[in-house]
Structures are given as structure tokens and as C-alpha cells.
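Structure record follows, encoded as C-alpha cells.
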Amino acid sequence: MVSFKTVTLCDKPWVDEIVRLENSPSADYNFGNIFIWDRYYRQLIARCGDRMLTKLRYEGKPAFVFPIGSGPLRPAIEALEEFAAYRGYPLVIRGITKEHMEQLEAEYPGRFRFEPETKYFDYLYLAEKLATYSGKSLHGKKNHCNRFEAENDWSFAPLTRELIPGCLDMLVEWNEENRDRLDKSVSFEHDALIRAFAAYETLGLDGGVLFANGKIVGFSIGEMANEDTFDVHFEKAEIAMNGAYPMVCRELTRMLLQKYPKLRYMNREDDMGLESLRQSKLSYKPEYLLEKYIARVREDN
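All you need for the working numbering is the position in the sequence shown, starting with 1, plus 712.
See the structure below:
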């Protein structure tokens, strides 16, 4: 039987290898996200050939993530089935893209039923558009940036270890100022951010910091999800400062385009089913939404 283990930084090399084999733009699979959100999802991982098995808890219930990687799919699914049966709970697989659905259907025709999980659809944007806010649909974002630039003595710098204490100070202020409107999961997000900062270099994260008049007013952190897509894990800015959020998004994208010549898309992750977050993400005009599904074994099987 498969033996799951707690995620540690020592797992990064082999997980990165499998993530490269998968080459997916999804935010669900890269090592940084798995590691920093460990407290929230209580994720356990294991290797099965050239695939990664992931067990997690979602809303208090056990589930698995689609076994990404390459090579035969059946041994990985059978390993999950055996483990689920031993523990006495149903086989539930999350984070399934349309490509994964096709793979499951090819291997197990008609065995699974699939349900869309719209609140976990990833929002993907063309990097070139976010770097310029070109076009009529993004004219408002460009205007906000123009106003920010006119009203402030500003700069944007790559996130380094030396800048992390200042970002933490800003995060404390941000949480205090936005406490009334924040979702209850913010405590887990705060923990994930702390884990990201603590292991920033080891995780191979990229980030940027926005300054205005000598003060940190925004920052963003993420990592490459595949060869042409960057996954933005966190983006924080002073809400009261007009244009701060569009500036962080634009400047991070510009910085990354210089660093990664193959970069084409920015994955700004899901909206967690929050209407305010959904409207915010839609306002940046996504190129497409990466659909994700949950798979369950049909009852008549």
C-alpha cells in the first residue's frame, strides 16, 4: 500500500521533476503552493512511478488530487483506490482539468462522474496585456496607474530577504484595516504567507515590492507553474491608495517578462467563490478560465 508522508522542503527536487513532466498551468500542483498551504489542506504526498499522489482534507473531508506526472495512470489510481478502501472512505479526486478528465475516461470509460468546481477555476491572463494594460477593456487600469505615477514618488523592486520584514509590517497593517471584510480563511492565508517568506529562497519564489514615497505599499509573490505560466500566490496592496493594486500587477508582470523570455500567461488563481474577488479578477479581463472538476466513482459501478 502507498505510504503518504508530510510535505517537507526535502521533497522539492522530486516534486519539481514531476511538475515539469505534467507541464500544467494549474495553480494546484507546483511545490510552493503545496508547501505553503500545508496547514490549511493538511496535504500528504507520495511518489508512484513518475506520478505524484496527494492526499488532503477539504472542508474536513479526505480527498485526493489528480496524480500528475507522466507514464501509466492506472497504477496511480489503483494506489489511491486501495488506500481509500483501507481507510474506509470514498474515492474523491479534485483539481481535475479537462485534460485529466479525458485521461480518466480513456482509462476507465464511464466509471467516474465529474462535477465542475467553479470557485476553483483559475483565472489566466496574457502577460503582455497585464504589462501594458493595452486595449479599451483595460483602459481603466491604465488610468489608475497613470494617476498613481503622477501622485507618488514610486519604485518597484524585486523581493529580497532584506525587504521581507517591511512586507510583514505592511501585511499586519493590511489585515487590521481590512478585518471587517475578510473571509475567515485569512488566518490560513497569513500562515501561508509566513511560510512563503520563511522559505522564500529555498522554494525558488519570485516576488516584487511596490514603494511609494519611501514606504512599502504593495507586494506580490509566486512561482512558475510551467514553462510559460507564472502562478501568483499572493498580491497585497494598500486599498486606499488609488492604483496600488494595478501597479503591483503591472510591475510584477514586467519584471517577470524580462526574467522569463517564454512567459506568456499569468495565473492569478481562483476566486474561492467570493463575489468581490470574482469581480476583481474579472476586471483584469482574463484570457480564459482553467476549468477544474471533482471526480467521484459512479454509484452504479
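Even glycine gets a Cβ: it sits at the ideal position worked out from N, Cα and C.
Model, not experiment: these values are computed from the prediction.
Contact check, residue i vs residue j, beta carbons under 8 Å
i, j, result
"Glu827", "Ile1006", "yes"
"Lys831", "Asp982", "yes"
"Leu816", "Ala791", "no"
"Phe923", "Ser867", "yes"
"Glu935", "Gly744", "yes"
"Arg786", "Val1009", "no"
"Glu1024", "Phe833", "The displayed coordinates of the chain run from 713 to 1013. Any statement about residue 1024 would go beyond what the structure contains."
"Val960", "Ser932", "yes"
"Tyr798", "Met713", "yes"
"Gln755", "Val804", "no"
"Ala843", "Arg966", "yes"
"Gly920", "Leu871", "yes"
Contacting residues, own chain, Cβ-Cβ under 8 Å from residue i (five flanking each side not counted)
i, result
"Tyr977", "Pro737, Leu836, Tyr837, Leu838, Ala839, Asp940, Thr941, Phe942 and Glu999"
"Tyr845", "His851, Lys853, Lys854, Cys857, Pro958 and Arg962"
"Ala956", "Phe860, Leu922, Ala924, Val929, Gly930, Ala949 and Glu950"
"His902", "Leu883 and Asn887"
As assigned by DSSP and simplified to three states, the class of residue i
i, result
"Met953", "coil"
"Gly761", "coil"
"Val719", "coil"
"Tyr1005", "strand"
"Tyr1000", "strand"
"Ala938", "The identity of residue 938 in the sequence shown is Asn, whereas the question assumes Ala. DSSP places Asn938 in strand when its eight states are reduced to three."
Other residues of its chain near residue i: CB distance less than 6 Å, five sequence neighbours each side excluded
i, result
"Asn735", "Asn938"
"His812", "Phe778"
"Gly761", "Gly783"
"Arg825", "Arg1008 and Arg1010"
Residue i to residue j span [Cα, whole Å]
i, j, result
"Lys927", "Glu861", "14 Å"
"Glu1017", "Leu850", "The structure shown has nothing for residue 1017, since the chain only spans 713 to 1013."
"Asp918", "Lys971", "10 Å"
"Tyr752", "Phe900", "6 Å"
"Phe716", "Phe747", "15 Å"
"Pro821", "His945", "35 Å"
"Ala739", "Trp749", "12 Å"
"Leu969", "Gly807", "28 Å"
"Asp723", "Ile906", "19 Å"
"Ile707", "Arg980", "Nothing about residue 707 can be read from this structure; the chain reaches only from 713 to 1013."
"Gly783", "Gly847", "43 Å"
"Ala758", "Ala908", "22 Å"
"Met984", "Asn864", "33 Å"
"Pro877", "Tyr912", "13 Å"
"Leu768", "Gln991", "29 Å"
"Arg875", "Gly772", "Just to set this straight, residue 875 is Leu in the shown sequence, not Arg. Rounded to whole angstroms, Leu875 to Gly772 spans 36 Å at the Cα level."
"Leu733", "Leu975", "18 Å"
"Tyr741", "Lys997", "24 Å"
"Leu880", "Lys841", "30 Å"
Own chain, CB closer than 7 Å to residue i, minus 5 neighbours either side, in chain order
i, result
"Asn954", "His856, Arg859 and Phe860"
"Asp728", "Phe743"
"Gly916", "Glu935"
"Thr914", "Leu721"
Quiz item: Could you give the uninterrupted runs of the alpha helix (DSSP H) lying entirely in the segment 766-850, keeping only those of 4 residues or more?
Solution: The qualifying runs are 786-799, 810-819 and 839-844.
Quiz prompt | Every unbroken alpha helix (DSSP H) inside the segment 862-931 [4 residues or more] | solution = As far as the segment 862-931 is concerned, its whole alpha helix (DSSP H) runs of at least 4 residues are 876-889, 898-910 and 912-915.
Quiz prompt | Uninterrupted alpha helix (DSSP H) stretches inside the segment 944-992 (no shorter than 4 residues) | solution = 956-971
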